[in-house]
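A.B. asks: Provided herewith is a single structure, encoded as structure tokens, for subsequent inquiry.
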Amino acid sequence: MKLGARMFKTGLGVMLSILIADWLPFVEPVIPAFTAIIGLQQTVRGSIDTFFNRVMAAILGGIVAVVMVNFFGNSPIIIGVTVTIFIGILRALNMANVITLATITLVVIMLRDQDMIITSAIARVVESLLGVTVSLLVNVFVLPPKYDAILYEEVNKTSSEILVRLRAILRKNGEYSTLTSDIAWAENRIAQSHSLYALLKDENVWSKRKLPMLKRKLVVFRALIVSLEQALALLSVLHTHTNVMFQLPEELRIQIRERIETLCSAHEQIFLKFDGRISPLEVNFFQPTQGYRQDLMDSIFEYAAIKQTATQEEFERSNALMLITGQLVSYEESLIKLNTLIRSYRIHHDEDEYQADSLEGIE
């Protein structure tokens, strides 16, 4: 089992909440521990943004509990009705993300003896605030999340797998059913990359001087994901139209294969540039191959031209070839943009290190 940073921080938050609760009078450790577990967010900014909502919800829960118990008692029916009303109030105040924590506080208070309801309410609110505060401080100061490294590792690994399969399908290596499952796997990994990108976008920046760097980094990572999506789309098109690809004239098929392999190599070298293993000024894959690319496009359009006497099969083959060509161009354009962005980023921020082989994922 791999011990991730979030697992460690959750355990640390629970431990600190219980220790502090033991030192304070009239404070029990149960609610602080639960609150520390629930209150730990995936990002520092998420913890900060929800902190004040959790504080207000805990206080509001205490007030509602005291009012309802004093006027209506604490029978199971009253508690159930109160919970329903309280959840509605929180939703109306756009505080749906803290419903669980606030409702737990409310129920615990209402289950206490009516004679000590106010004292109990104050103690339970303090307990909730203690857990929320501890979880916030732990998330800010203990192993703050670094989603850029995790995202880069995810994109790098997924890209490597897709490029391997692109090269394999160009030589008709691999089973159709296996490649279908591989494409589904890659789609799931790209979805995970989008989730990590959203967390990176939500990352808190304490220094205004670092804000431009984060914005540039977000642009680069967005381009990395787009190029990954384009590579997968090209693989999917080739997978769908494999028969058409291998019915093309040998010379044209070799031209297409060599162009795709050139783009795959460029994609890999762009990652090396981002790693810092090659110069930012390298990987000018587009300029030296302009003439070759033009010859390829001419050959494709010549072959795909539809005559009036064309059969249905020839028409479908022409359409399939144009789909492959269109996705090939889209993939190429995404790499050109990615190469430009990474070159600019590396020139301005050569201190970043993204060595994929040495990175460790953090859960």
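With this note's numbering as the guide, the letters of the sequence shown map in order to residues 1111 to 1473.
In this text, a Cβ means the ideal position worked out from N, Cα and C, and glycines have one as well.
1) Could you give the first and the last residue of the continuous alpha helix (DSSP H) run that contains H1458?
2) So, for A1414: in the same chain, excluding its five sequence neighbours on each side, which residues have a beta-carbon less than 6 angstroms away from its beta-carbon?
3) Taking the alpha-carbon positions, what's the E1473 to M1407 distance?
4) Taking the alpha-carbon positions, what's the A1341 to L1445 distance?
5) Specify the secondary structure class of G1190 as computed by DSSP and reduced to three states.
6) Going by the beta-carbon positions, is the gap between H1458 and R1326 smaller than 8 angstroms?
7) Please return the same chain residues whose Cβ sits closer than 6 angstroms to the Cβ of S1440, not counting the five positions on each side in sequence.
8) Assuming S1238 and I1141 form a contact by the criterion Cβ under 8 angstroms, report the distance between their Cβ atoms to the nearest whole angstrom.
9) State the Cα-Cα distance for the pair L1321 and G1284, rounded to the nearest angstrom.
10) How about G1183 and L1216: do their beta carbons lie closer than 8 angstroms?
11) On a Cα-Cα basis, can you pick out the residue from L1289, M1125, P1186, S1305 that is closest to T1350?
12) Could you tell me the boundaries of the alpha helix (DSSP H) in which V1484 lies?
13) Taking L1261 as the reference, give the member of L1306, L1391, T1421 with the closest Cα.
14) Would R1281 be called buried (16 or more neighbouring beta carbons within 10 Å of its own) or exposed?
15) Quick check: the stretch 1242–1254 against the stretch 1113–1121, are at least 3 beta-carbon pairs closer than 8 angstroms?
16) Leaving out five residues on either side along the sequence, give the residues of the same chain with a beta carbon under 7 angstroms from the beta carbon of Q1465.
17) By the three-class DSSP mapping on this structure, what secondary structure does M1323 have?
18) Smallest Cα separation from L1119: which of Q1365, Y1402, V1244, L1358?
19) Do you know how far the Cα of S1269 is from the Cα of G1241?
20) On the CB-based measure, 16 or more other CB atoms within 10 Å of its CB, does D1467 come out buried or exposed?
21) Might you give, ordered along the chain, the residues of its own chain that have their beta carbon closer than 7 angstroms to the beta carbon of L1451, omitting 5 neighbours on each side?
22) So, A1231 versus I1219, is the Cβ gap smaller than 8 angstroms?
23) Assuming contact is defined by CB atoms lying nearer than 8 angstroms, are M1355 and I1434 in contact in what I supplied?
24) Within 10 Å of its beta-carbon, does I1189 have 16 or more other beta-carbons around it, so buried, or fewer, so exposed?
25) On the premise that N1207 lies in contact with T1160, defined as a C-beta separation below 8 angstroms, what is that separation, rounded to the nearest angstrom?
26) Restricting to Cα atoms, I'd like to know which of P1135, T1145, E1138, L1309 is closest to L1122.
27) Do L1362 and I1272 have their C-beta atoms within less than 8 angstroms of each other?
28) Starting from L1211, trace the alpha helix (DSSP H) in both directions and tell me its first and last residue.
29) What do you reckon, are the CB atoms on D1292 and G1156 nearer than 8 angstroms?
30) Taking all protein chains shown into account, decide if V1124 is buried (16 or more other Cβ within 10 angstroms of its Cβ) or exposed.
31) Curious, which full-length alpha helix (DSSP H) runs of at least 4 residues does the stretch 1273–1320 contain?
32) Where does D1405 land, buried or exposed, given buried means 16+ other C-beta within 10 angstroms?
33) Nearest-angstrom Cα distance between G1436 and V1154?
34) So L1373 packs on E1442, CB below 8 angstroms; how close in whole Å?
35) Here's a check: name, in chain order, each residue in its chain whose Cβ is nearer than 8 angstroms to the Cβ of I1197, leaving out the five neighbours to either side.
C.D. replies: Let's see:
1) Residues 1422–1458.
2) Within the same chain, and ignoring the five residues on either side of A1414 in sequence, the residues whose Cβ sits closer than 6 angstroms to its Cβ are S1428, L1431, M1432.
3) With a pLDDT of only 36 at E1473, under 50, the local geometry of the prediction cannot be trusted, and the value read off the model is given with reservation. Distance between the alpha carbons of E1473 and M1407: 46 angstroms.
4) Whole-angstrom Cα-Cα distance: 10 angstroms.
5) If DSSP states are grouped into helix, strand and coil, G1190 belongs with the helices.
6) For H1458 and R1326, yes; Cβs fall inside 8 angstroms.
7) If we look at S1440 and ignore the five residues flanking it on each side, its Cβ neighbours are Q1340.
8) That belief holds up - the Cβ atoms of S1238 and I1141 are roughly 6 angstroms apart, short of 8 angstroms.
9) So the alpha carbons of these two residues sit roughly 46 angstroms apart.
10) Going by C-beta atoms, G1183 is not nearer than 8 angstroms to L1216.
11) Proximity to T1350 across L1289, M1125, P1186, S1305 peaks at L1289, based on C-alpha coordinates.
12) The displayed coordinates of the chain run from 1111 to 1473. Any statement about residue 1484 would go beyond what the structure contains.
13) Of the candidates L1306, L1391, T1421, the one whose C-alpha sits nearest the C-alpha of L1261 is L1306.
14) So R1281 ends up on the exposed side.
15) A contact between stretches requires three or more CB pairs, one per stretch, nearer than 8 angstroms, and the stretch 1113–1121 meets this requirement with the stretch 1242–1254.
16) For Q1465, the predicted structure reports a pLDDT of 49, less than 50, and the residue's modelled location is therefore unreliable. The matter cannot be settled from this model.
17) Helix, per DSSP.
18) Per the sequence shown, residue 1119 should be read as Lys rather than Leu. Nearest option by C-alpha distance: V1244.
19) CA-to-CA, the gap between G1241 and S1269 works out to about 41 angstroms.
20) With a pLDDT of only 42 at D1467, under 50, the local geometry of the prediction cannot be trusted, and no value is derived from it.
21) Contacts found: V1329, V1330, A1333.
22) The answer is yes: Cβ separation under 8 angstroms.
23) Result yes, Cβ atoms of M1355 and I1434 sit closer than 8 angstroms.
24) With 16 or more Cβ atoms within 10 Å of its Cβ, I1189 is classed as buried.
25) Contact between T1160 and N1207 holds, with the beta-carbon distance rounding to 6 angstroms and staying under 8 angstroms.
26) If we check each option's Cα against that of L1122, T1145 comes out closest.
27) Against a cut-off of 8 angstroms, the Cβ pair of I1272 and L1362 comes out as no contact.
28) Counting along the chain, the unbroken alpha helix (DSSP H) around L1211 starts and ends at 1209–1220.
29) Contact: no.
30) It counts as buried.
31) Runs found: 1286–1311.
32) With fewer than 16 other beta carbons inside 10 angstroms of its own, D1405 counts as exposed.
33) In a straight line, the C-alpha of G1436 is about 42 angstroms away from that of V1154.
34) Confirmed, about 6 angstroms.
35) Once the five neighbours on either side are set aside, the close Cβ partners of I1197 are I1209, T1213.
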